[in-house]
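Student: Here my numbering = 1-based position in the sequence shown + 7. One structure, pasted below without further comment.
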Amino acid sequence: MKFNQLHIIWILQFQVAALAFNETINIKNTCYINNFKIFCEYIDLHNKNLNFEQLNGTYMLYLIGTNLHSLQENVFNGTQIKHLSISDNPLTVIDKNAFGGQEEFLESLELSTTDTTELVDFTALQNLYNLETLEIENFYMNQNLNNFTSDKLTKLTKLSLINNKIRDVNINTFAHFQNLTQLTIKNNKLAKMLHPQAFEHLLNLQYLDVSNNAITEITMGNLQNVKKMLQHLDFSSNKITRDHLEHFKNLSKLETLKLDNNRIKSLSGDIFQNMNKLKTLSVRNNQLTKLRKTYLNGLNNLRELFLSGNQLIIEATTMTEVPLLEILYLDNQNLKGTMEIKWLENTSGTLKKLSLKGNSFNNIDLWRAIKTLPHLEFLDLSKCNLAVIPAFAFEQNPKLKAIKLNDNKLESLEEGAFQGLQNTLESIKLSNNQLQVVDECVFNNFNWPEKDISI
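Here it is as structure tokens:
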């Protein structure tokens, strides 16, 4: 058989490609190793054999941007891996024996891909009986969840399934995860709150995040089995309404409840009656129009309240129901005209952080209310159409460290405007006003640890 020059070139190219495919990468010589942590970052490991020889001990391995398309059988042979993180790779194939030899050692596994089009088989995870933490992100899982669940994964305590296009979770998915304390299923495509008995075996669950889905349906059974232990619940960025909140009423152990970016028009009724352990409540960017004292009944231990992006009118005595409140955000209430501020005088003086950004007030009422907050440390009054800061406006706020007054209509700053803050104020924002006159004594005798004045 005769070979012309073109044939010879082709054969040589094929041989080079074959060598490249079988090339062995010595991890010790190629990657950065420090204190039993191996960092392989932005080197091409596609179709390469990984050599872990001369690595004694148990390691944490990070494969970041290494062009891994697949994990072949026993790919990590030769070492002991405690924590494995594979990110920023076009990973689409995981051999069922990819983690062979690591079953005894692997405690934490993080997998993410840049290719979200292929349906990946996660059978390889079923034998990792020592696994405590599992995070799967950016894969196309759809309803393909059961192929990684196994009765051997009984040590799993933290499970995160983020941005995997999951549409449903059936009754058996979490059946073997009795020790699970944290479950995150955010940024998926859930239209309803899972199967009514999906959480039936999760009796130790303390943290649940189903934010950024499209949930429009919650049934009584969804949260019934987790109510005894659940402390953190995040339902943000779904499509739930006031009626759905009835299913939260018996979550008496809750400490954090996030309901941002939903379709809630009211908090009326006795929703929080049994939530006396709740410390953080966030209902930002909904359709709330009224906040009455009775709506907050039961929240006597609340420390943080976030209500920005609604259209709230707050009754004068409302805040007496939250006597320990320290942080309050009421930005951008989208009201026509001025916002009534009388309620601020009834906050028991406990507030440390207050944001009223983007609202308009009667100036006299506002400054009178501010004087009732002796523990205030941070105040945001930006975009509030303020024209004047009266003398001694902050005299009763001796702990104030930071003030935002930017984007208002201030034309002058007179001596005494910040009287009483000489020893505490660290930062003040005054940009985007109409300042023409600033008294030279306005900041006299101020003790600035790190001067931060933005004018």
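Note that the Cβ used here is the ideal one computed from N, Cα and C, for glycine as well. Given the structure is predicted, the values throughout are model-derived calculations rather than measurements.
Is it the case that the Cβ atoms of S367 and Y336 are separated by a distance below 8 Å?
Tutor: As a first step, residue 367 must be located in the sequence shown, where it is residue number 360. As a first step, residue 336 must be located in the sequence shown, where it is residue number 329. No, Cβ-Cβ distance for S367 and Y336 is not below 8 Å.
Student: Which of the three DSSP states is assigned to Y136 in this structure?
Tutor: Within the sequence shown, the letter at position 129 stands for residue 136. Coil at Y136, not helix or strand.
Student: Roughly how many angstroms separate the alpha carbons of N232 and L240, rounded to a whole number?
Tutor: On the sequence shown, position 225 is the one that residue 232 refers to. On the sequence shown, position 233 is the one that residue 240 refers to. Taking the straight line joining both Cα atoms gives about 14 Å.
Student: Can you give me the start and stop residues for the alpha helix (DSSP H) that N54 sits inside?
Tutor: Start at 1 with the first residue of the sequence shown, and residue 54 comes out as number 47. Neither: N54 is in no alpha helix (DSSP H) and is coded neither H nor E.
Student: Note down, in chain order, each residue of its chain lying with its Cβ closer than 6 Å to the Cβ of L201, except the 5 sequence neighbours on either side.
Tutor: Translated into positions along the sequence shown, residue 201 becomes position 194. So the list reads V176, once near-sequence residues are dropped.
Student: Identify every run of the alpha helix (DSSP H) within the segment 165-214, keeping only runs that are complete inside it and at least 4 residues long; order them along the chain.
Tutor: If only uninterrupted alpha helix (DSSP H) runs of at least 4 residues are considered, none is enclosed by the segment 165-214.
Student: Under three-state DSSP, which class holds T37?
Tutor: Your numbering for residue 37 matches position 30 in the sequence shown. Here T37 sits in helix by DSSP.
Student: Are V329 and L314 closer than 8 Å when you measure CB to CB?
Tutor: What you label residue 329 is simply residue 322 of the sequence shown in a count that begins at 1. What you label residue 314 is simply residue 307 of the sequence shown in a count that begins at 1. In this structure, L314 does not lie closer than 8 Å to V329 by Cβ.
Student: Hey, N137 and L113 are a contact pair by Cβ (cut 8 Å); roughly how many whole angstroms apart?
Tutor: By one-based count along the sequence shown, residue 137 stands at place 130. By one-based count along the sequence shown, residue 113 stands at place 106. That belief holds up - the Cβ atoms of N137 and L113 are roughly 6 Å apart, short of 8 Å.
Student: With DSSP collapsed to three states, give me the class of T130.
Tutor: Your numbering for residue 130 matches position 123 in the sequence shown. In this structure, T130 counts as helix in the three-state DSSP scheme.
Student: Alpha carbon to alpha carbon, how far is N404 from I50? Give it in angstroms, no decimals.
Tutor: Numbered from 1 along the sequence shown, position 43 holds the residue referred to as residue 50. Numbered from 1 along the sequence shown, position 397 holds the residue referred to as residue 404. Rounded to the nearest angstrom, the two C-alpha atoms are 56 Å apart.
Student: For L70, which option in N81, N63, L57, L62 has the closest C-alpha, if you only look at C-alpha atoms?
Tutor: Counting from 1 along the sequence shown, the entry for residue 70 is found at position 63. Looking at the Cα atoms, L57 is the closest of the given residues.
Student: Short check: CB of N154 to CB of F129, under 8 Å?
Tutor: Taking the first residue of the sequence shown as 1, we reach residue 154 at position 147. Taking the first residue of the sequence shown as 1, we reach residue 129 at position 122. Contact flag set, yes.
Student: With distances taken between CB atoms, is the gap from Q318 to L351 smaller than 8 Å?
Tutor: As a working mapping, residue 318 is identified with position 311 in the sequence shown. As a working mapping, residue 351 is identified with position 344 in the sequence shown. No.
Student: Buried or exposed, going by whether 16 or more other CB atoms sit within 10 Å of the CB of A394?
Tutor: Here residue 394 refers to the residue found at position 387 when the sequence shown is read from its first residue. The residue in question, A394, is exposed, as its Cβ has fewer than 16 Cβ neighbours within 10 Å.
Student: Would you kindly check if the distance between the Cβ of L237 and the Cβ of L212 is under 8 Å?
Tutor: Residue numbering aside, residue 212 sits at position 205 when the sequence shown is read from its first letter. Residue numbering aside, residue 237 sits at position 230 when the sequence shown is read from its first letter. Yes, they are a contact pair.
Student: Would you kindly report the start and end of the unbroken beta strand (DSSP E) that includes N317?
Tutor: The residue you call residue 317 lines up with position 310 of the sequence shown. From DSSP, N317 is part of no beta strand (DSSP E); its letter is neither H nor E.
Student: Quick one: what's F46 bridged to in DSSP?
Tutor: By 1-based counting over the sequence shown, the position of residue 46 is 39. Answer is Y39, Y69, bridged to F46.
Student: Tell me, which residues are paired with N93 by DSSP?
Tutor: The residue labelled residue 93 in the question sits at position 86 within the sequence shown. Reading off the sequence, residue 93 comes out as Ile, not Asn. I93 is bridged by DSSP to L70, L118.
Student: Considering just the uninterrupted stretch of the beta strand (DSSP E) at A409, what are its terminal residues?
Tutor: Position 402 of the sequence shown, counted from the first residue, corresponds to residue 409. Run containing A409: 409-411, per the beta strand (DSSP E) assignment.
Student: State the beta-bridge partners of H239 as determined by DSSP.
Tutor: Against the sequence shown, residue 239 aligns to sequence position 232. The partner list for H239 (beta bridge, DSSP) reads Y214, T263.
Student: So the candidates are Q79, A400, L358; which of them puts its Cα closest to the Cα of T383?
Tutor: For the purposes of this step, residue 383 is taken as the residue at position 376 of the sequence shown. It should be noted that the sequence gives Leu, not Thr, for residue 383. Closest by alpha carbon: L358.
Student: How close, in whole Å, do the beta carbons of K165 and Q189 come, if the pair is a contact with beta carbons under 8 Å?
Tutor: Residue numbering aside, residue 165 sits at position 158 when the sequence shown is read from its first letter. Residue numbering aside, residue 189 sits at position 182 when the sequence shown is read from its first letter. Correct: roughly 4 Å between the Cβ atoms.
Student: Hey, could you find the ends of the alpha helix (DSSP H) D372 is sitting in?
Tutor: Here residue 372 refers to the residue found at position 365 when the sequence shown is read from its first residue. Per DSSP, D372 belongs to the alpha helix (DSSP H) from 370-377.
Student: I'd like the span of the beta strand (DSSP E) that includes K286, first residue to last.
Tutor: Stepping through the sequence shown from its first residue, residue 286 is reached at position 279. From DSSP, K286 is part of no beta strand (DSSP E); its letter is neither H nor E.
Student: Among all the DSSP beta bridges, which residues are the ones paired with Q441?
Tutor: Here the question's residue 441 lines up with position 434 in the sequence shown. DSSP output for Q441 lists no bridge partner at all.
Student: Where I321 and L230 are concerned, what is the direct C-alpha to C-alpha distance, given to the nearest angstrom?
Tutor: On the sequence shown, position 314 is the one that residue 321 refers to. On the sequence shown, position 223 is the one that residue 230 refers to. Their backbone Cα atoms lie some 31 Å apart in a straight line.
Student: By the 10 Å Cβ neighbour count, where 16 or more other Cβ atoms means buried, how is L412 classified, buried or exposed?
Tutor: As a first step, residue 412 must be located in the sequence shown, where it is residue number 405. Counting Cβ neighbours within 10 Å, L412 comes out buried, since at least 16 surround it.
Student: Look at the alpha carbon of D267 and the alpha carbon of A323, and state the distance between them as a whole number of angstroms.
Tutor: For the purposes of this step, residue 267 is taken as residue 260 along the sequence shown, with counting starting at 1. For the purposes of this step, residue 323 is taken as residue 316 along the sequence shown, with counting starting at 1. If I take the Cα positions, the gap works out to 24 Å.
Student: Using DSSP's beta-bridge definition, name the partner residues of Q87.
Tutor: Taking the first residue of the sequence shown as position 1, residue 87 is located at position 80. According to DSSP, which records beta bridges pairwise, Q87 is partnered with T65.
Student: Exposed or buried, which one is M227 when buried takes at least 16 other CB atoms within 10 Å?
Tutor: Residue mapping note: residue 227 aligns to position 220 of the sequence shown, counting from 1. Exposed, by the Cβ-count rule.
Student: For I93, count the other beta carbons within 10 Å of its own beta carbon; 16 or more makes it buried, fewer makes it exposed. Which is it?
Tutor: In the sequence shown, the residue the question calls residue 93 occupies position 86. Looking at its Cβ environment, which holds 16 or more other Cβ atoms inside 10 Å, I93 is buried.
Student: Could you tell me the alpha carbon to alpha carbon distance between V82 and I178, rounded to whole angstroms?
Tutor: Taking the first residue of the sequence shown as 1, we reach residue 82 at position 75. Taking the first residue of the sequence shown as 1, we reach residue 178 at position 171. Cα-Cα distance, rounded: 33 Å.
Student: With D414 and K378 assumed to form a contact (beta carbons below 8 Å), what rounded beta-carbon distance in angstroms separates them?
Tutor: Indexing the sequence shown from 1 puts residue 414 at position 407. Indexing the sequence shown from 1 puts residue 378 at position 371. Contact doesn't hold; Cβ gap of about 23 Å is too wide.
Student: When the distance is taken between beta carbons, is K193 closer than 8 Å to I169?
Tutor: In the sequence shown, counting from the first residue as 1, residue 169 sits at position 162. In the sequence shown, counting from the first residue as 1, residue 193 sits at position 186. Yes, these two residues count as a Cβ contact at 8 Å.
Student: Apart from the five residues just before and just after N252, which ones in its own chain have a Cβ nearer than 6 Å to its Cβ?
Tutor: As a working mapping, residue 252 is identified with position 245 in the sequence shown. First, the amino acid is wrong: residue 252 is Leu here, not Asn. The answer, listed in chain order, is I278.
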